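Engineer: Here you go, one structure.
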Amino acid sequence: SVEPCSMGVDIGGLLDTVIFRQESRGVNRLVFVGKIRNIDELHDLIDRYNVIKVVLDSMPETTLVQDFQENCKVDAWLCRYRGEGGDRLRKYDIGDRIINTDRTELLDRSFSQLKQRKVILPKNFRLILDGQFVSEMTLPVRQIMETERGSRYEWSKGTDHARHAMSYGFLASQLMLDSTIDEISIG
975 SVEPCSMGVD
985 IGGLLDTVIF
995 RQESRGVNRL
1005 VFVGKIRNID
1015 ELHDLIDRYN
1025 VIKVVLDSMP
1035 ETTLVQDFQE
1045 NCKVDAWLCR
1055 YRGEGGDRLR
1065 KYDIGDRIIN
1075 TDRTELLDRS
1085 FSQLKQRKVI
1095 LPKNFRLILD
1105 GQFVSEMTLP
1115 VRQIMETERG
1125 SRYEWSKGTD
1135 HARHAMSYGF
1145 LASQLMLDST
1155 IDEISIG
């Protein structure tokens, strides 16, 4: 791809990876979905798809993703969930390139992108990864949880790596649009 792209990576036993190409402001085309075995393959995809922004899950392989971030030739950010259903404010640590966000808020926003048809899926999306992509995308369910502080919404958990990779890809595509972050310098 000649046009710049963004990448989202969920870290688990494999590296669940999505790549978006911007079609217009706020509309992204899904151009790659895969379960990658190692970091070298991520670097190859960055070159092949002209990826300029990457957002990766910061857990559970903290050292792996920090090493990737340090050695990556493009702008790579780590995403950390810092709660569920509490704080809707997303915080950007420019120096360390870390995004701290509420899990519920991010999954809400990425779901909204799909619902509003701001993500263009390939025609064969149901067949991607032999149906596993759709299964992982539809597994989380938004539900009300009762806590000592009252009720709040949370997304259920399970084998939902594709859903999180899409959410990280959504963040990476936002970073491509948000020139103010690129123009801030520390030091």
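In the working numbering, the protein residues as written are 975 to 1161.
Backbone N, C-alpha and C define an ideal beta-carbon position, used for all residues, glycine too.
Since this is a predicted model, take the numbers as computed values, not measurements.
1) Alpha carbon to alpha carbon, how far is MET1150 from ASP1041? Give it in angstroms, no decimals.
2) So, with DSSP's three-state summary, where would you put ASP984?
3) Run through the segment 1102-1158 for me and flag every whole alpha helix (DSSP H) of 4 or more residues, listed as ranges in chain order.
4) Here's the rule: buried if 16 or more other CB atoms are within 10 angstroms of the residue's CB, otherwise exposed. What is ARG995?
5) Measuring CB to CB, does ALA1146 end up less than 8 Å from SER1032?
6) So, at 6 Å on beta carbons, what are the nonlocal neighbours of LEU1113 in its own chain, with the 5 sequence-adjacent residues on each side left out?
7) When you compare only the Cα positions, how much space is there between ILE1160 and ILE993?
8) What do you get for GLU1079, buried or exposed, if any count of 16 or more other CB atoms within 10 angstroms of its CB means buried?
9) Determine the direct distance from the alpha carbon of VAL983 to that of GLY1143, and round the result to whole angstroms.
10) What are the partner residues of THR991, as DSSP defines its beta bridges?
11) Can you give me the C-alpha to C-alpha distance between GLY1025 and VAL1048, rounded to a whole angstrom?
12) Run the CB neighbour count on VAL1039, radius 10 Å, all protein chains shown included, and call it buried at 16 or more, exposed below.
13) What does DSSP give as the partner residue(s) for ASP1049 in the beta ladder?
14) Out of ARG999, GLY1000, ASP1082 and ASP1018, point me to the one whose CA is closest to GLY1008's CA.
15) State the DSSP-derived secondary structure class of ARG1062, mapped to helix, strand or coil.
Structural biologist: The relevant details are as follows:
1) Walking along the sequence shown from the start, residue 1041 turns up at place 67. Walking along the sequence shown from the start, residue 1150 turns up at place 176. Whole-angstrom Cα-Cα distance: 22 Å.
2) To locate residue 984, count along the sequence shown from 1; it is residue 10. Looking at ASP984 - three-state DSSP - the assignment turns out to be strand.
3) 1106-1112, 1135-1151 and 1153-1157
4) Taking the first residue of the sequence shown as 1, we reach residue 995 at position 21. The residue in question, ARG995, is buried, as its Cβ has 16 or more Cβ neighbours within 10 Å.
5) Locating residue 1146 in the sequence shown gives position 172, where the first residue counts as 1. Locating residue 1032 in the sequence shown gives position 58, where the first residue counts as 1. Contact: no.
6) Counting from one through the sequence shown, the residue named residue 1113 turns up at place 139. Excluding sequence neighbours, LEU1113 sits near GLY1132 and ASP1134.
7) Counted from its first residue, the sequence shown places residue 1160 at position 186. Counted from its first residue, the sequence shown places residue 993 at position 19. Legend: pLDDT at ILE1160 = 48, less than 50; position of this residue unreliable, value from coordinates given subsequently. Using only the alpha carbons, I get a separation of about 29 Å.
8) In the sequence shown, counting from the first residue as 1, residue 1079 sits at position 105. The residue in question, GLU1079, is buried, as its Cβ has 16 or more Cβ neighbours within 10 Å.
9) Working through the sequence shown from its first residue, we reach residue 1143 at position 169. Working through the sequence shown from its first residue, we reach residue 983 at position 9. Their backbone Cα atoms lie some 7 Å apart in a straight line.
10) On the sequence shown, residue 991 is found 17 positions in, with the first residue counted as 1. Note: THR991 sits in a beta bridge opposite VAL983 and GLY1008.
11) What you label residue 1025 is simply residue 51 of the sequence shown in a count that begins at 1. What you label residue 1048 is simply residue 74 of the sequence shown in a count that begins at 1. According to the sequence as given, residue 1025 is Val; it is not Gly. Looking at the two C-alpha atoms, the distance is approximately 7 Å.
12) On the sequence shown, residue 1039 is found 65 positions in, with the first residue counted as 1. So VAL1039 ends up on the buried side.
13) Locating residue 1049 in the sequence shown gives position 75, where the first residue counts as 1. Answer by DSSP bridge pairing, in chain order: LYS1027.
14) Here residue 1008 refers to the residue found at position 34 when the sequence shown is read from its first residue. Ranking ARG999, GLY1000, ASP1082 and ASP1018 by Cα distance to GLY1008 puts ASP1018 first.
15) In the sequence shown, counting from the first residue as 1, residue 1062 sits at position 88. It is coil, neither helix nor strand.
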